[in-house]
Amino acid sequence: MSKKINPNLTAEQKLVLFEEGTEMPNSSELNNEKREGSFYCANCGEKLFDSDTKYESGSGWPSFYQSLPDVFETKTDYLLGYARTEYHCKKCGGHHGHIFEDGPDPTGKRYCNNGVCLVFKPK
Numbered sequence: 011m012s013k014k015i016n017p018n019l020t021a022e023q024k025l026v027l028f029e030e031g032t033e034m035p036n037s038s039e040l041n042n043e044k045r046e047g048s049f050y051c052a053n054c055g056e057k058l059f060d061s062d063t064k065y066e067s068g069s070g071w072p073s074f075y076q077s078l079p080d081v082f083e084t085k086t087d088y089l090l091g092y093a094r095t096e097y098h099c100k101k102c103g104g105h106h107g108h109i110f111e112d113g114p115d116p117t118g119k120r121y122c123n124n125g126v127c128l129v130f131k132p133k
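In this note's numbering, the protein residues as written are 11 to 133.
Below, the structure is given as structure tokens:
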């Protein structure tokens, strides 16, 4: 895994991706993105999600019920005093968010992603 940090990232993107920070809820324009397309890692450009897996979770962050295959690595995070599954881009190691078990069918998962970590490219 390359830990190469894109020099064009903002301070907030660096904080979230490489210091495991979190953006403010409802701050991402991607919450309202409804077009067909794909979402990519803001650091390395790896394709992570297709738009047909995005849904409105009400959480305040862009949410997906499924990622593309084999693009993330996970680890357990106890930062809030309980176990959460944190996920990172497999290609660059960038932290994207947490996976919860309260998502819709067919997976039942919610990939709760920081919007600053994503770049949307319409089809």
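Here a beta-carbon is modelled for each residue, glycine too, at the ideal position from N, C-alpha and C.
Residue 112 and residue 120 have their C-alpha atoms spaced approximately 6 Å apart. DSSP links residue 15 through a beta bridge to no other residue. Counting only runs of at least 3 residues, the region 91-126 fully encloses the following beta strand (DSSP E) elements, listed from N- to C-terminal order: 94-99, 105-110 and 120-123. Pairing residue 92 with residue 106 gives a Cβ-Cβ distance that is not under 8 Å.
When rounded, the separation of the alpha-carbon atoms in residue 38 and residue 72 is 8 Å.
Under a 10 Å Cβ-count criterion, residue 75 is classified as buried, with 16 or more other Cβ atoms of the shown protein chains found around its own Cβ. Counting only runs of at least 3 residues, the region 38-93 fully encloses the following beta strand (DSSP E) elements, listed from N- to C-terminal order: 47-51, 57-60 and 82-87. Annotation for residue 131: the continuous beta strand (DSSP E) segment containing it runs 128-132. The Cβ atoms of residue 24 and residue 102 lie no closer than 8 Å to each other.
Residue 29 carries a helical assignment under DSSP once its states are collapsed to helix, strand and coil.
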